[in-house]
Amino acid sequence: MYIDSTIVSIAAIVFLFIASMFVTLLGHKNLLYICYTVCISSLVTMTWSTSYMLTLVLTCLFVGIMMTTLNIVIGATVLLFPTSLRTMAVSLVMMTGRSGSLIGNVVFPVLLEYGCIAPIMTIACFPLLGIILAFFIPNNKNKSDKNVESGS
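Take any residue in the sequence shown, count from 1 to its spot, add 4: that is its number in the numbering used here.
Below you can see the structure in the form of structure tokens.
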């Protein structure tokens with residue numbers, strides 16, 4: 005039982021390292037699109053999973069990439085806001101995530117009473133919402149490159 009949690013955690017660490025290599029190549033916005041699409045695909049595929057190993061792999065994909073998207077969003081927040089507002093912006097992002105976690109822990113058992121598909125489809129809506137919200141992130145790759153070069 006605990007070995008599965010360890011495997012999922014190790015996979016999450018691997019995904020974080022992979023994302024840190026690709027964020028400079030793809031940018032925050034494109035990487036978010038890719039990650040959220042893979043999350044939705046793995047979660048929808050999980051509903052038809054019949055083997056233990058496939059379910060574990062899909063869970064590793066979903067949890068690892070969703071943890072990665074959290075860090076990508078925090079990184080994008082740091083780039084978007086000026087220095088005087090960064091602390092407040094990151095704190096609000098973290099508070100929103102933790103509030104969502106609290107609400108999810110209360111609502112998830114209620115959704116499980118309606119069957120297995122209801123919570124899975126509800127969870128799949130969050131990466132879909134993330135794709136929609138990522139559309140509004142500006143492409144500021146040139147701006148951040150100029151700031152790094154000028155030393156500000």
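Positions of the beta carbon are idealized from the N, C-alpha and C atoms, including for glycine.
Bear in mind that the values here come from a model prediction, so they are computed numbers and not experimental data.
Residue interval of the alpha helix (DSSP H) (run including residue i)
i           : result
residue 24  : 6 to 30
residue 113 : 87 to 117
residue 75  : 56 to 84
Contact belief for residue i with residue j at Cβ below 8 Å, rounded distance in angstroms
i           : j          : result
residue 11  : residue 60 : 7 Å
residue 101 : residue 15 : No, residue 101 and residue 15 are not in contact; Cβ-Cβ is about 20 Å, not under 8 Å.
residue 127 : residue 74 : That pair is no contact at about 15 Å.
residue 124 : residue 50 : 7 Å
residue 62  : residue 53 : 6 Å
residue 36  : residue 26 : The Cβ separation is near 11 Å, so there is no contact.
residue 136 : residue 32 : Not quite, the Cβ-Cβ distance comes to about 16 Å (not below 8 Å), so this is no contact.
DSSP three-state assignment for residue i, whether helix, strand or coil
i           : result
residue 124 : helix
residue 130 : helix
residue 53  : coil
residue 141 : coil
residue 148 : Low local confidence applies: a pLDDT of 48 at residue 148 is under 50, so the model's placement there is unreliable, and no value is given.
Status (buried if at least 16 other CB within 10 Å, exposed otherwise) for residue i
i           : result
residue 131 : buried
residue 18  : exposed
residue 2   : Residue numbering for the chain in the displayed model covers 5 to 156; residue 2 lies beyond these limits and cannot be assessed.
residue 28  : exposed
residue 153 : Below a pLDDT of 50, predicted positions are generally treated as unreliable, and residue 153, at 46, falls in that range; no measurement from the model is reported.
residue 40  : buried
residue 155 : At residue 155, the pLDDT of 49 sits below 50, so the modelled position is not reliable and the matter cannot be decided from this model.
residue 65  : buried
residue 134 : buried
Minimum Cβ-Cβ distance from residue i to chain B less than 9 Å
i           : result
residue 120 : Given the protein chain composition of this structure (a single chain), no chain B is represented.
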